[in-house]
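Student:
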DNA sequence: CAAGAATATGAGCGATCATTCGCGTTTGAA
DNA sequence: TTCAAACGCGAATGATCGCTCATATTCTTG
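Residue numbers (our numbering), protein chains in the order written: chain A, -4 to 203; chain B, -4 to 203.
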């Protein structure tokens, strides 16, 4: 049997009690990351905040990185649920309208928990979760690509893979920068403007 | 006198000998970041690789972060020199042609030292150099905005600040992702395609 | 209820690391 | 040539941190 990567859970929690422990640990990790930063997120501190002993922590997470990875997973799954749900409603719409909604979705996804999102974006390199990050990106590309394929006749781009890359990257960067680095400069009504601009950017690129 | 921030040099190097020491330290830091990663970049190791004692290190850099900050500064200045130089040649060109060159410039800037660029991009959060990063971004926005102002009549965007944000963000993200996360999937000839697409994306957004 | 399995505990080990300090060496100015 | 200032040295310090292990408590099953 292949050895589990060191970032995966050490063992499954089977009883309700231990599931609560695991939840408390992940939750505590997220809270500390947001409120105190990565450097303060020592295993001892995490256990303390979770109201659990370090020993218990190591029953379920082989390394500190595994804990952060769990937080990342949880957050990304939450985002993907949002995106998938809303994307389904958009599949039938024409490019203009669809893109507008997609930009809005991206913005919404970034606002699920902006501070956590920011910390995670910054600290992913530290955890070596590039692979997970890739998978997450891939999933986004594919979701968008599915839309493009369905509306091939409305767009002038031949290489759909390239088009997905360009569009998703652009939308992602716009919303990311807007929410994470410019949130003070961009009050709620400016968000509307941002959606307008993002839509124009992508539609202009796609439409025949 | 205001206390110097802890990331600034502790004292100036006045003799040639000490300037060499400082250079060796910054260079060693960069090398270690690229070849061994941030975690291996302990002050002791940096001094060792620089062929210098830890004591000397602390004569010029008050903290480990100050060293990394110095590396970041050096790299960003190098990029800004590249961008400023090439941008001057583009100021008179019409939008289509200018944007194409700008995308090419961004790509070139990212390829000055991609591996260092990547490590720095990843580790900036760890050094708390957000401020420097902001200044760097601002400078890029302003450079691009200067171009837009000069060609106001060729573009359909009213808010130039917003337009700079959108364009620079999009170009940055495209080249960044392409070079750092897709370099294997994007051989040299695909870079041409990337420039085409980036140009189309931005021109479509800007042009009347 | 008995007993083994699952879960929880937390003191403490070993390793790493940033930083200091007392002292030796080199340089440049007088 | 002299000497003070600049520069360089590296063993040692103190603090932090990830992680283990011997032990205790709680749950489940028969």
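All residues carry an ideal CB built from backbone N, CA and C; glycine is no exception.
Keep in mind the model is a prediction, meaning the values are calculated, not measured.
1. List, in order along the chain, the chain B residues whose C-beta lies closer than 7 Å to that of residue 117 of chain A?
2. State whether the stretch 52 to 63 of chain A contacts the stretch 74 to 93 of chain A, with contact taken as three or more CB pairs (one from each stretch) at a distance under 8 Å.
3. Can you tell which of B:141, B:22, B:19 has the C-alpha that lies nearest to the C-alpha of residue 85 of chain B?
4. What's the C-alpha gap between residue 152 of chain A and residue 21 of chain A?
5. In whole angstroms, give me the CA-to-CA distance for residue 163 of chain A and residue 25 of chain A.
6. Please tell me whether residue 82 of chain B and residue 166 of chain B are closer than 8 Å, where the distance is taken between their beta carbons.
7. Ends of the alpha helix (DSSP H) at residue 65 of chain B?
8. Against chain B, with Cβ distances strictly below 8 Å, would residue 1 of chain A count as a contact?
9. Please list, in chain order, all residues of the same chain as residue 149 of chain A whose beta carbon is under 6 Å from its beta carbon, the five residues on each side excluded.
10. So is residue 184 of chain B in contact with chain A if we call contact Cβ pairs under 8 Å?
11. Whose C-beta lies closer than 8 Å to the C-beta of residue 106 of chain B among residues of the same chain, with five residues either side of it excluded?
12. Within the same chain, show all residues whose beta-carbon is closer than 8 Å to that of residue 118 of chain B, passing over the 5 residues directly before and after it, in chain order.
13. Should residue 201 of chain B be labelled buried (16 or more other beta-carbon atoms within 10 Å of its own) or exposed?
14. What does residue 150 of chain A pair with, by DSSP beta-bridge criteria?
15. If we ignore side chains and look at the alpha-carbon of each, how far apart do residue 71 of chain B and residue 158 of chain A end up?
16. Got a sec, what are the start and stop residues for the alpha helix (DSSP H) residue 50 of chain B sits in?
17. Can a CB atom of chain B be found closer than 8 Å to the CB of residue -2 of chain A?
18. Taking C-beta to C-beta, are residue 124 of chain A and residue 67 of chain A nearer than 8 Å?
19. Are the beta-carbon atoms of residue 130 of chain B and residue 103 of chain B separated by less than 8 Å?
20. Give the secondary structure of residue 114 of chain A by DSSP, where H, G and I count as helix, E and B as strand, and everything else as coil.
21. Exposed or buried, which one is residue 14 of chain B when buried takes at least 16 other CB atoms within 10 Å?
22. Flag residue 38 of chain B as yes if its beta-carbon sits less than 8 Å from any beta-carbon of chain A, otherwise no.
23. Please list, in chain order, all residues of the same chain as residue 197 of chain A whose beta carbon is under 6 Å from its beta carbon, the five residues on each side excluded.
24. Kindly indicate which residue of B:115, B:46, B:7, B:38 has the alpha-carbon position closest to the one of residue 74 of chain B.
25. Might you give, ordered along the chain, the residues of its own chain that have their beta carbon closer than 7 Å to the beta carbon of residue 49 of chain B, omitting 5 neighbours on each side?
Tutor: So, to answer that:
1. 120
2. no
3. B:141
4. 43 Å
5. 27 Å
6. no
7. 59 to 83
8. Any answer about residue 1 of chain A is weak, because its pLDDT of 46 lies below 50 and its placement is not dependable; what the coordinates show is given next. False, the Cβ-Cβ gap to chain B never drops below 8 Å.
9. 90
10. no
11. 174
12. 28, 33, 63
13. buried
14. A:202
15. 30 Å
16. 49 to 55
17. Caution is warranted here: a pLDDT of 30 is assigned to residue -2 of chain A, below 50, making its placement in the model unreliable, and the coordinate value is therefore given only provisionally. So, not an interface residue.
18. yes
19. no
20. helix
21. exposed
22. no
23. 94, 162
24. B:115
25. 38, 39, 42
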